[in-house]
Amino acid sequence: MSTAADAGGGAAGPDTDERAAWALAAAAGIHAIALPTPFAVGRVNCYLIEDEPLTLVDTGPNSGKSLDALETSLAAHDRRIEDLELIVLTHQHMDHLGLVEILARRSGARVAAWHELGPYLRHFSAAAATDDAFAMTVMRRHGVPETLATALSVGTAAYRAFGSRGEVDLPLHDGTVLEFADRSLTALHRPGHSPSDVILHDARRGIALGGDHLLSQISSNPLISRPLNGSASGVGERPHALETYIASLQATRAMQLRLVLGGHGPPVTDHVALIDERLRLHRRRARTIARLLETGPQSAYELACTMWTSVAITQAFLTLSEVLGHLDLLVADGEVLECDDGELVRFRLR
Ligand SMILES: [Zn+2]
Numbered sequence: 000m001s002t003a004a005d006a007g008g009g010a011a012g013p014d015t016d017e018r019a020a021w022a023l024a025a026a027a028g029i030h031a032i033a034l035p036t037p038f039a040v041g042r043v044n045c046y047l048i049e050d051e052p053l054t055l056v057d058t059g060p061n062s063g064k065s066l067d068a069l070e071t072s073l074a075a076h077d078r079r080i081e082d083l084e085l086i087v088l089t090h091q092h093m094d095h096l097g098l099v100e101i102l103a104r105r106s107g108a109r110v111a112a113w114h115e116l117g118p119y120l121r122h123f124s125a126a127a128a129t130d131d132a133f134a135m136t137v138m139r140r141h142g143v144p145e146t147l148a149t150a151l152s153v154g155t156a157a158y159r160a161f162g163s164r165g166e167v168d169l170p171l172h173d174g175t176v177l178e179f180a181d182r183s184l185t186a187l188h189r190p191g192h193s194p195s196d197v198i199l200h201d202a203r204r205g206i207a208l209g210g211d212h213l214l215s216q217i218s219s220n221p222l223i224s225r226p227l228n229g230s231a232s233g234v235g236e237r238p239h240a241l242e243t244y245i246a247s248l249q250a251t252r253a254m255q256l257r258l259v260l261g262g263h264g265p266p267v268t269d270h271v272a273l274i275d276e277r278l279r280l281h282r283r284r285a286r287t288i289a290r291l292l293e294t295g296p297q298s299a300y301e302l303a304c305t306m307w308t309s310v311a312i313t314q315a316f317l318t319l320s321e322v323l324g325h326l327d328l329l330v331a332d333g334e335v336l337e338c339d340d341g342e343l344v345r346f347r348l349r
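Next comes the structure, spelled out in structure tokens:
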């Protein structure tokens with residue numbers, strides 16, 4: 000059984016601060032339900048909000064294991080899937096929304112998500128395939144060898160079954176307020192980790208449900224994602240995910256918060272200190288990349304190989320996203336030039 004107390008997943012168990020944070024959430028009627036995923040990140044935190052409407056924030060991936068664990072955890076709160084009245088999705092990643100179709104069908108719950116996810120989820124298979132084509136284009140243009148890009152896209156397609164199509168009944172915009180009997184949650188758009196990230200803010204309690212926007216134990220990956228209304232070509236429209244993400248972090252930093260309940264790991268209890276730490280990390284990585292460019296122009300893939308060695312191969316898209324994000328910061332600062340010969344993009348110091 001998954002409970003709030005074990006959602007952190009550490010072998011030593013939660014420390015006193017973490018227990019206090021989960022207790023604060025529970026006092027607000029918010030219970031973490033940690034569900035297994037097949038992904039390297041480990042378990043995903045969904046949240047049951049005991050209010051009217053009875054709400055589940057995120058669903059876990061589309062797997063029997065995850066569904067079983069969810070049913071067991073709901074039972075521990077004397078609830079069943081059929082009791083759910085509202086499902087809110089924090090963003091478009093499969094570990095957060097894979098069960099949405101099954102849960103919505105069984106419960107009749109309404110589904111709320113960032114408004115641009117409506118068409119994306121309705122045509123999930125096609126949208127995921129277009130995402131993969133976009134990722135292939137980005138990888139090719141930034142120097143990832145063809146055989147590696149192809150191998151990775153086969154791997155990605157194999158995981159697609161952990162996602163799901165779904166219908167969004169309640170499209171969220173920046174500032175949409177969800178009203179409950181005992182709380183109001185304001186949806187705030189925080190793109191960067193993905194284009195569709197929203198956090199749900201309870202201003203009265205100073206609590207935010209943060210999805211993967213801000214995680215206590217891992218730095219959220221600012222993955223290069225196809226714009227939700229974009230094509231697969233990727234030419235001329237590569238999103239600057241890290242710059243977008245940093246702007247989102249700064250918006251969250253300005254908020255008054257006691258607790259951010261994240262999609263993985265324990266709650267964040269000092270969001271300002273954590274965000275400052277993340278911002279420093281990104282600055283440091285940008286400096287490292289600037290130093291690597293002193294030897295001459297390089298593609299993002301070459302830089303990723305130097306920085307991450309074999310991980311640049313096994314996690315090529317992730318590390319490429321990281322490197323490109325930091326290169327974007329250097330380009331924006333006027334330190335680095337992006338040189339595109341029409342086939343391969345290289346970066347060099349100005
Ligand atoms: Zn995510």
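349 is the number that numbering that gives the first Met the number 0 gives the last residue of the sequence shown; the numbers go up by one with no jumps. In this text, a Cβ means the ideal position worked out from N, Cα and C, and glycines have one as well. Because the structure is a prediction, the values reported are computed rather than measured.
How is Val40 classed by DSSP in three states: helix, strand or coil? By one-based count along the sequence shown, residue 40 stands at place 41. DSSP places Val40 in coil when its eight states are reduced to three.
Collapsed DSSP secondary structure at Ala24 in the structure displayed: Position 25 of the sequence shown, counted from the start, is the residue given in the question as residue 24. Helix, per DSSP.
Would you call the region 186-199 and the region 126-138 touching, i.e. three or more CB-CB distances under 8 Å? no
How about Leu83 and Ser65: are their beta carbons less than 8 Å apart? The count along the sequence shown starts at 1 and reaches residue 83 at position 84. The count along the sequence shown starts at 1 and reaches residue 65 at position 66. Taking 8 Å as the Cβ cut-off, Leu83 and Ser65 do not qualify as a contacting pair.
Distance check for Leu120 and Ser163, CA to CA, integer angstroms please. The count along the sequence shown starts at 1 and reaches residue 163 at position 164. The count along the sequence shown starts at 1 and reaches residue 120 at position 121. Distance between the alpha carbons of Ser163 and Leu120: 7 Å.
Could you tell me which residues DSSP pairs with Gln297 in its beta bridges? One-based indexing of the sequence shown puts residue 297 at position 298. Partner(s): Phe346.
Where in the region 114-173 do unbroken runs of the beta strand (DSSP E), each at least 3 residues long, occur, reported from the N-terminal end onward? 169-171
Does DSSP put Ile217 in a helix, in a strand, or in coil? Taking the sequence shown and counting its residues from 1, one reaches residue 217 at position 218. Coil at Ile217, not helix or strand.
Could you name the residues of the same chain whose beta carbon sits closer than 8 Å to that of Arg78, not counting the 5 residues immediately before and after it, in chain order? In the sequence shown, residue 78 corresponds to position 79, counting from 1. Cβ within range, chain order: Leu47, Leu53.
Helix or strand or just coil, what does DSSP make of Glu276? The residue given as residue 276 occupies position 277 in the sequence shown. Glu276 falls in the helix class under three-state DSSP.
To which residues of the same chain is His172 closer than 6 Å at the C-beta, ignoring the five residues directly before and after it? Mapped onto the sequence shown, residue 172 falls at position 173. Cβ within range, chain order: His114.
Proximity below 8 Å, CB of Val344 to CB of His141: The residue labelled residue 344 in the question sits at position 345 within the sequence shown. The residue labelled residue 141 in the question sits at position 142 within the sequence shown. Result yes, Cβ atoms of Val344 and His141 sit closer than 8 Å.
Relative to ligand 1, what is the chain-ordered list of residues with a Cβ closer than 5 Å to any of its non-hydrogen atoms? His92, Asp211
Please confirm whether His325 and His281 have their CB atoms less than 8 Å apart. Start at 1 with the first residue of the sequence shown, and residue 325 comes out as number 326. Start at 1 with the first residue of the sequence shown, and residue 281 comes out as number 282. Yes. Within cutoff.
Counting only the same chain and skipping the five closest in sequence on each side, list residues whose C-beta sits under 7 Å from that of Asp339. Translated into positions along the sequence shown, residue 339 becomes position 340. Here the set comprises nothing.
Relative to the C-alpha of Arg290, which candidate in Ala202, Val267, Glu334, Ile312 has its C-alpha closest? If you number the sequence shown from 1, residue 290 lands on position 291. Minimum Cα distance to Arg290 is reached at Glu334.
For Arg18, which three-state DSSP category applies? On the sequence shown, position 19 is the one that residue 18 refers to. Of the three classes helix, strand and coil, the one that applies to Arg18 here is helix, per DSSP.
Does the beta-carbon distance from Ala27 to Asn44 come in below 8 Å? Here residue 27 is taken as the residue at index 28 of the sequence shown, counted from 1. Here residue 44 is taken as the residue at index 45 of the sequence shown, counted from 1. No.
Is Thr58 closer than 8 Å to Gly97 when the C-beta atoms are compared? For the purposes of this step, residue 97 is identified with residue 98 of the sequence shown, where counting begins at 1. For the purposes of this step, residue 58 is identified with residue 59 of the sequence shown, where counting begins at 1. Against a cut-off of 8 Å, the Cβ pair of Thr58 and Gly97 comes out as a contact.
Report yes if the C-beta distance between Ala20 and Pro238 is below 8 Å; otherwise report no. Within the sequence shown, the letter at position 21 stands for residue 20. Within the sequence shown, the letter at position 239 stands for residue 238. No, Cβ-Cβ distance for Ala20 and Pro238 is not below 8 Å.
Below 8 Å on the Cβ atoms is my contact criterion, and I expect Ser215 with Val167 to pass it. Report the Cβ-Cβ distance as a whole number of Å. Within the sequence shown, residue 215 is the residue found at index 216, counting from 1. Within the sequence shown, residue 167 is the residue found at index 168, counting from 1. Ser215 to Val167, Cβ: 29 Å. No contact.
Measure the alpha-carbon distance for Ala253 versus Leu213 and round it to whole angstroms. Position 254 of the sequence shown holds residue 253. Position 214 of the sequence shown holds residue 213. Taking the straight line joining both Cα atoms gives about 14 Å.
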